[in-house]
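Structure, as structure tokens:
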Amino acid sequence: FKTLNDAELSGKRVLVRVDLNVPMKDGKVTDTTRIERVLPTIREISEAGGKVILLAHFGRPKGKVVAEMSLAPVAGPVADLLGKPVAFAADCTGDVAKAAVDAMADGDVLLLENTRFYAGEEKNDPEFAKALAANGDLYVNDAFSAAHRAHGSTEGIAKLLPAFAGRTMQAELEALGSALSTPERPVLAVVGGAKVSSKIDLLENLVSKVDILVIGGGMANTFLAAKGVNVGKSLCEHDLADTAIRIMAAAEKANCEIVLPADAVVAWEFAANTKNETVALDAIPADAMMLDVGAASIDVVKAKIDEAKTLVWNGPLGAFEIEPFDKATVAAAQHAAARTKEGKLKTVAGGGDTVAALNHAKASEDFSYISTAGGAFLEWLEGKALPGVVALEA
Ligand code: 3PG
190 FKTLNDAELS
200 GKRVLVRVDL
210 NVPMKDGKVT
220 DTTRIERVLP
230 TIREISEAGG
240 KVILLAHFGR
250 PKGKVVAEMS
260 LAPVAGPVAD
270 LLGKPVAFAA
280 DCTGDVAKAA
290 VDAMADGDVL
300 LLENTRFYAG
310 EEKNDPEFAK
320 ALAANGDLYV
330 NDAFSAAHRA
340 HGSTEGIAKL
350 LPAFAGRTMQ
360 AELEALGSAL
370 STPERPVLAV
380 VGGAKVSSKI
390 DLLENLVSKV
400 DILVIGGGMA
410 NTFLAAKGVN
420 VGKSLCEHDL
430 ADTAIRIMAA
440 AEKANCEIVL
450 PADAVVAWEF
460 AANTKNETVA
470 LDAIPADAMM
480 LDVGAASIDV
490 VKAKIDEAKT
500 LVWNGPLGAF
510 EIEPFDKATV
520 AAAQHAAART
530 KEGKLKTVAG
540 GGDTVAALNH
550 AKASEDFSYI
560 STAGGAFLEW
570 LEGKALPGVV
580 ALEA
């Protein structure tokens, strides 16, 4: 695909798809990571004399105007971080958008209202894409984290205007590519989270790509149960035993070592600082649940991290949101961060809970790359083509 290096930006109206789907509380942005990530692209276009017209969605208004899902409160934080005024237009198409674009000078930045206020966005209606494209000469997609959606502003529009990848899109694709497409081996994947059912495709894809797969979190219980371990009252999808067995067989065939917990931290209620015990797998009390992996498991995970040259991380190893069940996740994350800092490991992480878990472990800064993507990161781990990326390649 083409990048900003290939674009003639001066004097052009550049429609830039960004992901401003940021956490917000009481009308205030509470985490600016996604905004920070798109600043380089905005700056570069603006400094080259292009008019930067930002396209973004916020929340899931389902094709209707929903006041609480306006992007208006996001313009201020973008301007503050950019160090430059950001105008706002209360519509992303039509006369209002056109008037705001016509009023721009070269180098100016304008944010258009939530694209999902139109049903045509999610339907990828060609007429809607056309209405968006009417206000631009060029299209730049810098929203990897929305690239799994085939929407008007991510896919349809790329067919109507000369299309380029923004700097963050480029960085995401490079980082992810170097972790799974052309990685330094051995490659270790750490996959956690509550349910196998939400990550079957991901696990199946990973066993064919990575050398070692550590499975933690609630989903490990389903694998342990499939192997005959009595998991007591632990979160477990017993009906997925066959799936777990199939994945383990596929791993064996592909020479991928699956690493399951070697011991467990159990408790009798899901609560912070509740009574808990570390037990062997054959001694899980029938009335208790596993909320984290124990010290023996942590040692195994650390040893696997030491073996690996590349690590892909998605999902926590235990119930990291309540202490002390964050212990294994924190220990593994810190160990991976330290190996990365020593230059011995390349670490790529992404997905909703994962970033929160790594921040909690104070490990994110030393990771090689943290993706801002949730769903898009998962679909990429599943080996799926992302429509927003494919459209740039066409
Ligand atoms: C995200 O927050 O992961 C992206 O902005 C996509 O949002 P969506 O899941 O509502 O499409």
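Counted the way the working numbering counts, the sequence shown spans residues 190 to 583.
Glycine included, each C-beta is placed from N, C-alpha and C at the ideal position.
Computed from a predicted structure; not experimentally measured.
- In the DSSP assignment, the residues bridged to F277 are L300.
- Counting C-beta atoms within 10 angstroms of its own C-beta, N324 has 16 or more neighbours from the protein chains shown and is therefore classed as buried.
- Take the alpha-carbon of S557 and the one of V285: they are about 42 Å apart.
- Contact between the region 571–581 and the region 543–553 is not established, with fewer than three Cβ pairs separated by less than 8 Å.
- The straight-line gap separating the alpha-carbon atoms of V290 and I242 is approximately 8 Å.
- The beta carbon of A279 lies closer than 7 Å to those of V285 and E302 in the same chain, with the five residues before and after it left out.
- Put simply, the backbone Cα of A335 is about 7 Å away from that of T343.
- Around T536, the same chain offers L500, A525, T529, F556 and S557 as residues with beta carbons nearer than 6 Å, after the five sequence neighbours per side are excluded.
- Taking the Cβ of A308 as the reference point, every heavy atom of ligand 1 lies at 6 Å or farther away.
- Contact check for A521 against V490 passes: the beta carbons are separated by less than 7 Å.
- Taking the Cβ atoms as the reference, L204 lies roughly 18 Å from I224, outside the contact range of under 8 Å.
- Inclusion of G407 and A383 in the CB contact set at 7 Å is warranted, their separation being smaller than that value.
- DSSP assignment within the region 464–541 yields the following whole alpha helix (DSSP H) runs of 4 residues or more, N-terminal first: 484–496 and 516–530.
- Fewer than three pairs of CB atoms, one per stretch, sit closer than 8 Å, so the region 311–325 makes no contact with the region 259–269.
- Within the same chain, and ignoring the five residues on either side of E446 in sequence, the residues whose Cβ sits closer than 8 Å to its Cβ are D400, I401, L402 and A440.
- By the 16-neighbour rule on beta-carbons within 10 angstroms, N419 is exposed.
- Under a 10 Å Cβ-count criterion, K464 is classified as exposed, with fewer than 16 other Cβ atoms of the shown protein chains found around its own Cβ.
- For E568, same chain residues with a beta-carbon under 7 Å away, outside a window of 5 residues either side, are H337 and L575 in chain order.
- For K442, no beta strand (DSSP E) encloses it; the enclosing alpha helix (DSSP H) starts and ends at A430 to K442.
- Nearest C-alpha to N503 among T304, L413 and S560: S560.
- Using a cutoff of 6 Å, the CB of N503 does not count as near ligand 1, since none of the ligand's heavy atoms is closer than that.
- Between ligand 1 and the CB of N210, the shortest heavy atom gap is smaller than 6 Å.
- Judged by beta-carbon spacing, T219 lies beyond the 7 Å limit of Q359, meaning their Cβ atoms are not closer than that value.
- No Cβ-Cβ contact shorter than 7 Å links P450 with S397.
- In this structure, DSSP gives E446 an extended state, which the three-state scheme calls strand.
- In the three-state reduction of the DSSP assignment, F412 falls in the helix class.
- The shortest C-alpha to C-alpha distance from V482 to any of D515, A368 and D476 is the one to D515.
- Taking one beta carbon from each stretch, the region 367–384 and the region 248–257 have fewer than 3 pairs nearer than 8 Å; the two do not touch.
- The C-beta distance from A461 to I511 rounds to 4 Å, short enough to meet the 8 Å contact threshold.
- The criterion of a C-beta distance shorter than 7 Å is satisfied by V298 and V275.
- In the structure shown, the three-state DSSP call for V290 is helix.
- For R356, the enclosing alpha helix (DSSP H) begins and ends at R356 to L369.
- R249 sits in coil when the DSSP states are folded into three classes, being neither helix nor strand.
- Within the region 190–244, the complete alpha helix (DSSP H) runs of at least 4 residues fall at 222–236.
- Residue pairing for V379: DSSP places it in a beta bridge opposite V403 and W502.
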